[in-house]
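Encoded as structure tokens, the structure appears first; notes follow it.
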Amino acid sequence: SAPNILGEECLKNIAANSIKWDKQNLAGLGKKEIKTDAGTIFDLEIGEIVCQPMKTLFCEEKKFQSLCPGQTVQGVLGYEFLKQVHTTINFKEKTFAFRNVNSARNSDLAAKRDTLGGSF
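In the working numbering, the protein residues as written are 1 to 120.
Have a look at this one:
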């Protein structure tokens, strides 16, 4: 499955003992491979959403900024995160929301509490 890709700056917000570290070789469309820091993040909470362990790659922030000049990009959420939440995207209003999968079975109040969103 596709891991998350986060800038190294995000590490400041993750407890050191919450990551099991590894190195990983990555290859794109070219033949050259690069070695990157990788890890499995345990015990991560995003708002009220408690995430299950997720494979994540870490790279330098400037690599994201070179892809999106003028935008602040801290990472890319991969399938490792998205499989754990219900995602709603409203293209007309340019908003998105993530809701804890477990909240779908709970009351409306719990579902609202366990929702995280933003705009684009």
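Quick reminder that beta carbons are idealized off the backbone N, C-alpha and C, glycines included.
Considering only residues of the same chain and omitting the five flanking positions on each side of residue i, which have a CB-CB separation below 6 Å?
{"i": "G7", "result": "E61, F64, Q74 and G75"}
{"i": "I89", "result": "F96"}
Over the uninterrupted alpha helix (DSSP H) stretch that includes residue i, give me the two end residues.
{"i": "E80", "result": "Y79 to L82"}
Answer yes or no: do residue i and residue j have a C-beta to C-beta separation smaller than 8 Å?
{"i": "K20", "j": "T40", "result": "yes"}
{"i": "P3", "j": "L67", "result": "no"}
{"i": "S120", "j": "F98", "result": "Per the sequence shown, the amino acid found at residue 120 is Phe instead of Ser. In this structure, F98 does not lie closer than 8 Å to F120 by Cβ."}
{"i": "L26", "j": "E33", "result": "yes"}
Residue i lies in the beta strand (DSSP E); which residues open and close that run?
{"i": "C68", "result": "First-last for C68: undefined, no H or E at that position."}
{"i": "V85", "result": "V85 to N90"}
{"i": "I34", "result": "E33 to I41"}
{"i": "L6", "result": "N4 to G7"}
{"i": "E93", "result": "Here E93 belongs to no beta strand (DSSP E), and DSSP marks it neither H nor E."}
{"i": "E45", "result": "L44 to I46"}
Apart from the five residues just before and just after residue i, which ones in its own chain have a Cβ nearer than 7 Å to its Cβ?
{"i": "G47", "result": "L116"}
{"i": "I5", "result": "L57, C59, G75, V76 and G78"}
Can you tell me which of the three DSSP states residue i falls into?
{"i": "K55", "result": "strand"}
{"i": "A15", "result": "coil"}
{"i": "K62", "result": "helix"}
{"i": "V101", "result": "helix"}
Counting only the same chain and skipping the five closest in sequence on each side, list residues whose C-beta sits under 8 Å from that of residue i.
{"i": "S1", "result": "K55, G78, Y79, E80 and K83"}
{"i": "C10", "result": "F58, Q74 and G75"}
{"i": "A38", "result": "P3, W21, D22, K23, Q24, K55, T56, L57 and F58"}
On the three-pair Cβ rule with 8 Å, is the stretch 74-91 touching the stretch 52-59?
-> yes
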